[in-house]
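Top to bottom, those sequences are chains D and F.
In this text, residue positions in the first sequence follow this note's numbering: the first is 43, and each later residue adds one.
In this text, residue positions in the second sequence follow this note's numbering: the first is 43, and each later residue adds one.
Protein chains: 2
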Amino acid sequence: MADELHDTGGKVRLHVEAALSDGARVVLEDAQAHYLLHVMRAKTGARVSLFNGRDGEWLARVAETAKRSCTLVGERQTRAQDATPDVWLCFAPVKKTPADYVVQKATELGVRALQPVFTRRTIVTRINEERMKANAIEAAEQSERLTVPEIREAVTLDKLLRAWPRERSVLFCDEGGDAQPIAKAAAKIDTNSIAILTGPEGGFDPAERDAIRSQSFVVPVTLGPRILRADTAALASLAIWQALRGDS
Amino acid sequence: MADELHDTGGKVRLHVEAALSDGARVVLEDAQAHYLLHVMRAKTGARVSLFNGRDGEWLARVAETAKRSCTLVGERQTRAQDATPDVWLCFAPVKKTPADYVVQKATELGVRALQPVFTRRTIVTRINEERMKANAIEAAEQSERLTVPEIREAVTLDKLLRAWPRERSVLFCDEGGDAQPIAKAAAKIDTNSIAILTGPEGGFDPAERDAIRSQSFVVPVTLGPRILRADTAALASLAIWQALRGDS
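Take a look at the structure:
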């Protein structure tokens, strides 16, 4: 397997915090060292790909291994850092498996930030941010992203709206009758800095919906005649935005 | 709960095979009768919504109940039958949970037919068509669709290509370098009858990819710079097509 890692020139792809450059030494510990040394069975000399969200992607070589850690040395940059489309996803947290799924898929679809939002009908009361972060890192590693989406601290809908950066448009996935088809709305928005906002299972309550729709930065959109689950609406909106205005 | 069912004028929504009309009698048995009578606790007089994929949506009243069955009588049509966009999804089957998810999400996104395809790198060797059908029905009931997508018998990729109706375009989710961005490709396709084709985890093998790309009806498309999982690619493509050319 060490040979295979070596031969494929870095099929294993890991997100690290350390700076990456020619000759930079990166020490992996704990889960990452375990994965590389004991799951992938990398030996000294094996090559892996590293990214940190700032310095692009680097091929690095395993220089030293110990029982619980491993040192890599940067060899050459294989991709320059690129810009992640400036799309946030603000979503009412859902139960564990769908939440994992939303984080994973939104990361693959290139979201820049994930913002859990508590609403009146949100059933989930605790967010496992560490779990969200681990899911986001894994999906970023596998999808060849050069960044990991930011996982924001959960806030209430009121707080989210009060503190909103007003120059950022919000595509609000609305079940109401007068929302515009999303493709039409996306074509008209005059900024590439947006957020997608989706509700909990059961939707926003009427007062929340009014509060959202009264904001100047909100554009209510519809995804068509069918009622989508909250997670489907979030991912469909993200895919559509990326295809029309993002980098797909 | 019977009152609630009654008051909401048909919040329970069931797919049936029987013809629906004013005064039509529809007998529910087994799982549907159990669900309606024992889970939702419907009593005589309760109203539910029914659809069969042909006669639109009907409000029906529970007329008689027995221990294991229940008879409903059609009262009035609440929605006329509409046309489902003519989009098929041809996908290499994936393991159980993602497969459930693909069927559920594709149904919500309005797919007309689901076609499992065996490829050289497909790891799954058996398809549970009954399970797929049950997932599709449940998602159709919950998403307010008036149809249930057709679940096709699994075929090999060779057979699929040989028997392909040539007037139907295939959006082929391709990892290759020269594929067009999906939004651009979707705008140019001169038919609304299409299929989306996605590969297994690990992709099509090179010979399969060549065979697919050599077909005149195939349009290779890309979903952007990130590598998507097979199920993400399928659902993103479907969402984008529906927004641009379907009914979203």
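Note that CB positions come from ideal geometry on N, CA and C, so glycine has one too.
Exposure label - Asp200/D; buried when at least 16 CB within 10 Å: Here the question's residue 200/D lines up with position 158 in the first sequence. It counts as exposed.
Does DSSP put Leu114/D in a helix, a strand or coil? As a first step, residue 114/D must be located in the first sequence, where it is residue number 72. Leu114/D: strand per DSSP, three-state reduction.
Around the Cβ of Asp216/D, are there at least 16 other Cβ atoms within 10 angstroms (buried) or fewer (exposed)? In the first sequence, the residue the question calls residue 216/D occupies position 174. Result: buried.
Going by beta-carbon coordinates alone, are Gln257/F and Leu213/F separated by less than 8 Å? Taking the first residue of the second sequence as 1, we reach residue 257/F at position 215. Taking the first residue of the second sequence as 1, we reach residue 213/F at position 171. The beta carbons of Gln257/F and Leu213/F sit no closer together than 8 Å.
Using a Cβ-Cβ distance under 8 Å, would Ser91/F count as near chain D? Taking the first residue of the second sequence as position 1, residue 91/F is located at position 49. No - not a single Cβ of chain D is within 8 Å of the one on Ser91/F.
Quick one: which chain D residues come within Cβ less than 9 Å of Ser211/F? By one-based count along the second sequence, residue 211/F stands at place 169. Result: empty, since nearest Cβ-Cβ is about 17 Å, beyond 9 Å.
Might you give, ordered along the chain, the residues of its own chain that have their beta carbon closer than 6 Å to the beta carbon of Glu171/D, omitting 5 neighbours on each side? Here residue 171/D refers to the residue found at position 129 of the first sequence. Here the set comprises Ile193.
Assign Asn234/F to buried or exposed, taking buried as 16 or more other Cβ atoms, counted over all protein chains shown, within 10 Å of its Cβ. Looking up residue 234/F in the second sequence gives position 192. The residue is exposed, with fewer than 16 neighbouring Cβ atoms inside 10 Å.
Taking only beta carbons into account, state which residues of the region 243-272 of chain D come closer than 7 Å to chain F, listed in chain order. Leu265, Gly266, Pro267, Arg268, Ile269, Leu270, Arg271
Could you tell me how far apart the beta carbons of Ile169/D and Pro135/D are, in whole angstroms, since I believe they sit closer than 8 Å? Within the first sequence, numbered from 1, the residue matching residue 169/D stands at position 127. Within the first sequence, numbered from 1, the residue matching residue 135/D stands at position 93. At roughly 6 Å, the Cβ-Cβ gap stays under 8 Å, so Ile169/D and Pro135/D are in contact.
State yes or no: is the beta carbon of Glu46/D nearer than 8 Å to at least one beta carbon in chain F? The residue you call residue 46/D lines up with position 4 of the first sequence. A caution first: Glu46/D carries a pLDDT of 40, below 50, which makes its placement in the model unreliable, though a value can still be read off. Not closer than 8 Å to any Cβ of chain F, the Cβ of Glu46/D fails to qualify, so no.
Under 8 Å between the Cβ atoms of Trp37/D and Arg118/D? Residue 37/D cannot be examined here, being either before or after the span of chain D that is shown, 43 to 290.
On the CB-based measure, 16 or more other CB atoms within 10 Å of its CB, does Ile236/F come out buried or exposed? Along the second sequence, one-based indexing puts residue 236/F at 194. Per the 10 Å Cβ criterion, buried.
Nearest residue (CA-CA) to Asp220/D, options Asp128/D, Lys137/D, Val261/D, Leu188/D: Translated into positions along the first sequence, residue 220/D becomes position 178. Residue Val261/D is the option with its Cα nearest to Asp220/D.
Backbone CA spacing between Asp45/D and Leu56/F [nearest angstrom]: Your numbering for residue 45/D matches position 3 in the first sequence. Your numbering for residue 56/F matches position 14 in the second sequence. Note that Asp45/D scores a pLDDT of 41, beneath 50, so its modelled location is shaky; the value from the coordinates is reported in the next line. In a straight line, the C-alpha of Asp45/D is about 57 Å away from that of Leu56/F.
Once the 5 residues before and after Ala227/F are set aside, which same chain residues still bring their CB inside 7 Å of it? Here residue 227/F refers to the residue found at position 185 of the second sequence. These residues qualify, in order along the chain: Leu213, Val261, Val263.
In the region 212-228 of chain D, which residues sit with their C-beta less than 7 Å from some C-beta in chain F, listed in chain order? Here the close residues are Pro223, Ile224, Ala225.
May I have the straight-line CA-CA distance separating Gln146/F from Lys109/D, to the nearest angstrom? The sequence position of residue 146/F within the second sequence is 104, counting from 1. The sequence position of residue 109/D within the first sequence is 67, counting from 1. Going by the C-alpha atoms only, they are around 45 Å apart.
By DSSP, does Asp45/F sit in helix, in strand, or in coil? In the second sequence, residue 45/F corresponds to position 3, counting from 1. Because Asp45/F carries a pLDDT of 41, less than 50, the predicted location of this residue cannot be relied on, and the following value inherits that uncertainty. Helix.
Quick one: which residues of the region 107-123 of chain D get their C-beta closer than 9 Å to a C-beta of chain F? List them in chain order. none
Under 8 Å between C-beta atoms of Leu151/F and Leu277/F: Here residue 151/F corresponds to residue number 109 of the second sequence, with the count starting at 1. Here residue 277/F corresponds to residue number 235 of the second sequence, with the count starting at 1. In this structure, Leu277/F lies closer than 8 Å to Leu151/F by Cβ.
Buried or exposed, going by whether 16 or more other CB atoms sit within 10 Å of the CB of Val81/F? For this step, residue 81/F is matched to residue 39 along the second sequence. In summary, Val81/F is exposed, with fewer than 16 beta-carbon neighbours lying within 10 Å of its beta-carbon over all protein chains present.
Counting only Cβ pairs nearer than 7 Å, list the residues of chain D close to Glu150/F. Locating residue 150/F in the second sequence gives position 108, where the first residue counts as 1. Under the 7 Å cutoff, chain D gives Arg268, Leu270, Arg271, Thr274.
Name, in chain order, the residues that DSSP records as bridge partners for Val159/F. Here residue 159/F corresponds to residue number 117 of the second sequence, with the count starting at 1. For Val159/F, which the question treats as bridged, DSSP gives the partners Val197/F.
If you count every other CB in all the chains shown that lies within 10 Å of the CB of Gly218/D, and 16 or more means buried, which is it? Start at 1 with the first residue of the first sequence, and residue 218/D comes out as number 176. By the 10 Å Cβ count, Gly218/D comes out exposed.
Would you check if the distance between the CB atom of Ala196/D and the CB atom of Val159/D is smaller than 8 Å? On the first sequence, position 154 is the one that residue 196/D refers to. On the first sequence, position 117 is the one that residue 159/D refers to. Their beta carbons are under 8 Å apart, which means Ala196/D touches Val159/D by this criterion.
Spell out the partners DSSP gives Leu101/D in its beta bridges. Locating residue 101/D in the first sequence gives position 59, where the first residue counts as 1. For Leu101/D, which the question treats as bridged, DSSP gives the partners Ser91/D, Arg118/D.
Residue environment, Asp252/F, which counts as buried when at least 16 other CB atoms sit within 10 Å: Counted from its first residue, the second sequence places residue 252/F at position 210. By the 10 Å Cβ count, Asp252/F comes out exposed.
Between the alpha carbons of Ala66/F and Asp72/F, how many angstroms are there, rounded? Along the second sequence, one-based indexing puts residue 66/F at 24. Along the second sequence, one-based indexing puts residue 72/F at 30. Approximately 20 Å between the Cα atoms of the pair.
Residues of chain F with CB under 8 Å from Glu186/D, in chain order? Position 144 of the first sequence, counted from the start, is the residue given in the question as residue 186/D. Going along chain F in sequence order, the residues near Glu186/D (Cβ under 8 Å) are Pro267, Arg268, Ile269.
Is the beta carbon of Leu62/D sitting closer than 8 Å to the one on Cys112/D? Reading the first sequence from its first residue, position 20 is the one you call residue 62/D. Reading the first sequence from its first residue, position 70 is the one you call residue 112/D. No.
Range covered by the beta strand (DSSP E) that runs through Pro262/D: Position 220 of the first sequence, counting from 1, holds the residue named residue 262/D. Per DSSP, Pro262/D belongs to the beta strand (DSSP E) from 260-264.
Within 10 Å of its beta-carbon, does Thr189/F have 16 or more other beta-carbons around it, so buried, or fewer, so exposed? Along the second sequence, one-based indexing puts residue 189/F at 147. Taking a 10 Å sphere around the C-beta of Thr189/F, we find 16 or more other C-beta atoms and assign the residue as buried.
What does Thr240/D pair with, by DSSP beta-bridge criteria? One-based indexing of the first sequence puts residue 240/D at position 198. Its beta-bridge partners are Phe133/D.
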